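Undergrad:
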Amino acid sequence: MRVLVTGNLGYIGPAVTAELRAAGHQVVGFDTDYYANGYLEPEAWRSDGVDQQLCKDVRDAGAADLAGVEAVVHLAALSNDPTGELDPALTAAINCQATVRLAGLARAAGCRRFIFASSCSIYGQGSRHALTEQSPFNPLTAYARSKVEAEAQLAGLADTGFSPVFLRNATAYGLSPKPRFDLVVNNLTGWAFTQGQVKLLSDGRAWRPIVHIEDIAQACRLALAAPRDAIHNQAFNVGSDAENYQVRQMAEGVAAVVPGARVVFGAGAAADNRTYHVSFAKIRRHLPQFETRWTLARGIRQLYTAFCAVGLTAEEFAGRKFTRLKQLLYLLETQQVDTTLRWRQGAASR
Ligand SMILES: NC(=O)c1ccc[n+]([C@@H]2O[C@H](COP(=O)([O-])OP(=O)(O)OC[C@H]3O[C@@H](n4cnc5c(N)ncnc54)[C@H](O)[C@@H]3O)[C@@H](O)[C@H]2O)c1
Numbered sequence: 000m001r002v003l004v005t006g007n008l009g010y011i012g013p014a015v016t017a018e019l020r021a022a023g024h025q026v027v028g029f030d031t032d033y034y035a036n037g038y039l040e041p042e043a044w045r046s047d048g049v050d051q052q053l054c055k056d057v058r059d060a061g062a063a064d065l066a067g068v069e070a071v072v073h074l075a076a077l078s079n080d081p082t083g084e085l086d087p088a089l090t091a092a093i094n095c096q097a098t099v100r101l102a103g104l105a106r107a108a109g110c111r112r113f114i115f116a117s118s119c120s121i122y123g124q125g126s127r128h129a130l131t132e133q134s135p136f137n138p139l140t141a142y143a144r145s146k147v148e149a150e151a152q153l154a155g156l157a158d159t160g161f162s163p164v165f166l167r168n169a170t171a172y173g174l175s176p177k178p179r180f181d182l183v184v185n186n187l188t189g190w191a192f193t194q195g196q197v198k199l200l201s202d203g204r205a206w207r208p209i210v211h212i213e214d215i216a217q218a219c220r221l222a223l224a225a226p227r228d229a230i231h232n233q234a235f236n237v238g239s240d241a242e243n244y245q246v247r248q249m250a251e252g253v254a255a256v257v258p259g260a261r262v263v264f265g266a267g268a269a270a271d272n273r274t275y276h277v278s279f280a281k282i283r284r285h286l287p288q289f290e291t292r293w294t295l296a297r298g299i300r301q302l303y304t305a306f307c308a309v310g311l312t313a314e315e316f317a318g319r320k321f322t323r324l325k326q327l328l329y330l331l332e333t334q335q336v337d338t339t340l341r342w343r344q345g346a347a348s349r
């Protein structure tokens, strides 16, 4: 199948690309490439590996971009709460309006599936354990609201030939050619490696489900291949029941792997109201082959081994390469992008 993967040049995109190509699909990448310098090891691990790359903004997608495409995996977005708060209207424009427009173009082009990277953060402050896909939404941020609204509008495009699928991913972790250190497990492991401390900026009591990027990629592959009835216009929490943790448990897991690291609480560490504990029963029922292959402990060991191999420094860890908000602020400050996050003409040094 020829699959358009948007956001392929981000953190999760390379894992999705590799998974789909290994399954025999052709991948057309589509990305504006905000994080062009974000490789952990620039040459050795560079494996974008697509059959064709479109360097474009999703807001400018056109019918020609969908020619010959049979399915879309849509990852491109302002991908976390801090970037989403930069300008909530812009977050809505990129994460919701451009998404719905792209889906409309895909449907018109005859695509049969549109796999949307949604998020468990739409449950916000969950009032109970084991939230299911039927649980009420409680989005606390512009980012989470953009995902709720996109799901609702995409659902309206479903018809007999076009199936939107909403993959509500848990918080991702694990090694990618372009890691992000603004995600909890990666962040805690990076702190431990570079500072000898697992630093918690909250009281660590919040619940958060986590999932390895390769398990997200597996869910994308299976959602593309499943019988229509199993996935048509359906939402799935993506993760594993066993991988719901309180943040302090994750910190302890990191301290157990990284030699000499100890857990400390940052100044004024208070409760984080973004707390949710999620059930992953539905994806196992509808996609019976889905089985997470990673655990927190294994993921921490993977990150630790990589940090040792590249000699990750405190400066790199804290820099803009691996933190989405810092890179976007840099692009704005250096006027490489305008206030709507569109590249200015001639912007070359990213
Ligand atoms: N990482 C997580 O923990 C997580 C959890 C749940 C859901 N998700 C969702 O999964 C998707 C991928 O997440 P990620 O961690 O790889 O994010 P990322 O920020 O690493 O990658 C996003 C990619 O999208 C591209 N992009 C952003 N805006 C664009 C635009 N206007 N036009 C074209 N390309 C654009 C960026 O250049 C980047 O390469 C996102 O939709 C995110 O919301 C991520």
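Residue numbers (numbering that gives the first Met the number 0): 0 to 349. Cβ atoms here follow ideal geometry from the backbone N, Cα and C, with glycine treated the same way. Please read these numbers as outputs of a predicted model, since none were measured by experiment.
Is Q334 helix, strand or coil by DSSP?
TA: If you number the sequence shown from 1, residue 334 lands on position 335. If DSSP states are grouped into helix, strand and coil, Q334 belongs with coil.
Undergrad: Relative to the C-alpha of G238, which residue among V262, Y275 and V256 is closest?
TA: The residue you call residue 238 lines up with position 239 of the sequence shown. Cα-wise, what sits closest to G238 is Y275.
Undergrad: The beta strand (DSSP E) spanning V163 covers which residue range?
TA: Walking along the sequence shown from the start, residue 163 turns up at place 164. It is worth fixing the name first, because residue 163 is Pro in this sequence and not Val. Segment S162 to N168, the beta strand (DSSP E) holding P163.
Undergrad: What did DSSP end up calling A116 once you bin it into helix, strand or coil?
TA: Taking the first residue of the sequence shown as 1, we reach residue 116 at position 117. If DSSP states are grouped into helix, strand and coil, A116 belongs with the strands.
Undergrad: Could you tell me whether the Cβ atoms of V263 and Q196 are closer together than 8 Å?
TA: Start at 1 with the first residue of the sequence shown, and residue 263 comes out as number 264. Start at 1 with the first residue of the sequence shown, and residue 196 comes out as number 197. Closer than 8 Å, so yes.
Undergrad: Under 7 Å: does the beta carbon of N186 sit that close to some heavy atom of ligand 1?
TA: Position 187 of the sequence shown holds residue 186. No.
Undergrad: What are the partner residues of P258, as DSSP defines its beta bridges?
TA: Mapped onto the sequence shown, residue 258 falls at position 259. For P258, which the question treats as bridged, DSSP gives no partner whatsoever.
Undergrad: When DSSP labels each residue in this structure, what does V253 get in the three-state scheme?
TA: Residue numbering aside, residue 253 sits at position 254 when the sequence shown is read from its first letter. Residue state, collapsed to three classes: helix.
Undergrad: Is the CB-CB distance between A57 and A169 below 8 Å?
TA: By 1-based counting over the sequence shown, the position of residue 57 is 58. By 1-based counting over the sequence shown, the position of residue 169 is 170. At residue 57 the sequence reads Val, which differs from the Ala that was named. Not closer than 8 Å, so no.
Undergrad: Under the rule that 16 or more other beta-carbon atoms within 10 Å means buried, what is D30, buried or exposed?
TA: Residue mapping note: residue 30 aligns to position 31 of the sequence shown, counting from 1. Label assigned to D30: buried.
Undergrad: Beta carbon of A241, beta carbon of L187: below 8 Å?
TA: Residue numbering aside, residue 241 sits at position 242 when the sequence shown is read from its first letter. Residue numbering aside, residue 187 sits at position 188 when the sequence shown is read from its first letter. Contact flag unset, no.
Undergrad: Going along the chain, which residues of its own chain have a beta-carbon closer than 7 Å to the beta-carbon of L182, five neighbours each way excluded?
TA: For the purposes of this step, residue 182 is taken as residue 183 along the sequence shown, with counting starting at 1. Excluding positions up to five away in sequence, the list reads T170, A171 and Y172.
Undergrad: With DSSP as the reference, please indicate the residues paired to A70 in a beta bridge.
TA: Within the sequence shown, the letter at position 71 stands for residue 70. According to DSSP, A70 bridges with V2 and R112.
Undergrad: Tell me, please, which residues DSSP counts as bridged to V197.
TA: Taking the sequence shown and counting its residues from 1, the one referred to as residue 197 is at position 198. Its beta-bridge partners are V262.
Undergrad: Can you tell me whether W190 is helix, strand or coil according to DSSP?
TA: Indexing the sequence shown from 1 puts residue 190 at position 191. In the structure shown, W190 sits in a helix (DSSP, three-state: H, G or I).
Undergrad: Compute every distance between the C-beta of T304 and the non-hydrogen atoms of ligand 1, then say whether any falls below 7 Å.
TA: Counted from its first residue, the sequence shown places residue 304 at position 305. No, Cβ of T304 sits at least 7 Å from all heavy atoms of ligand 1.
Undergrad: Flag this pair as touching only if the segment 203-215 and the segment 98-114 have three or more C-beta atom pairs under 8 Å; answer yes or no.
TA: Segments in contact, no.
Undergrad: Here's the rule: buried if 16 or more other CB atoms are within 10 angstroms of the residue's CB, otherwise exposed. What is R138?
TA: To locate residue 138, count along the sequence shown from 1; it is residue 139. One point to set straight first is that residue 138 is Pro, not Arg, in the sequence displayed. Classification for P138: buried.
Undergrad: In angstroms with no decimal places, state the Cα-to-Cα distance between I282 and N232.
TA: Looking up residue 282 in the sequence shown gives position 283. Looking up residue 232 in the sequence shown gives position 233. Cα to Cα, the separation comes out at about 13 Å.
Undergrad: Would you mind listing the beta strand (DSSP E) stretches within the segment 21-66 that are 3+ residues and don't spill past its ends, in chain order?
TA: Listed in chain order, the complete beta strand (DSSP E) runs (minimum 3 residues) inside the segment 21-66 are 25-29 and 51-53.
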